[in-house]
Structures are given as C-alpha cells and as structure tokens.
Amino acid sequence: MTEYEAYIKLIMMLGLVLSMPFFYRVCFLLGKIFILKFFPPKYLTIEVKRLDGSVELTKVKISDNEALVDALLHSTGRQLS
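According to my numbering, the residues represented by the sequence shown are 1423 to 1503, in order.
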C-alpha cells in the first residue's frame, strides 16, 4: 500500500465516522415515519389539571370526534373546578 492509498483510506474512514450521527438521524426519522404510516395511534392520552391540584388522565379514542373535542377543550390550560 502506498502512502497515497493510505491517506485515501484514512480520509474515507474519517468521512464515515463524521457522517454517522447524520445517518443515525435520517434512519431514526425514517423509522418514525414508517411507524406512523403503518401503525397509526388509536388513542390519545390527555392530562387535565384540576383546581385542587390533582391531575386527571383521560384516554380518548381518536375516531370519537365528540369526545376528542370535549377532552381537548378541557385541556387547553383552563383549570376546571
């Protein structure tokens, strides 16, 4: 192996090591898109804080529009008594 070939291999290895974080981000993003496309969520968990300080977790079916709107209106930051 000549000195020139060694430098080329070193540059290729450094390029690979430096591009690994970006490759990880792309793969992670593609995985999230794949999961959302083929396995969409069916339920939404909404957290409502009451005036007495208690927190109420509500699990709402996404296909039930009326219950979803009601739960979202109650979780907009208004504190319910």
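Don't be surprised by glycine CBs; every beta carbon is placed ideally from N, CA and C.
As the structure is a computational prediction, the values presented were derived from the model and not from experiment.
Note that the region 1429-1441 does not touch the region 1459-1469; fewer than 3 beta-carbon pairs, one per stretch, sit closer than 8 Å. DSSP, read as helix, strand or coil, puts Lys1464 in coil. Closest by C-alpha distance to Pro1463, out of Tyr1426, Ser1485, Gly1437 and Met1435, is Ser1485. Around Tyr1426, the same chain offers no residue with a beta carbon nearer than 8 Å, after the five sequence neighbours per side are excluded. Gly1453 and Phe1445 have their C-alpha atoms roughly 12 Å apart.
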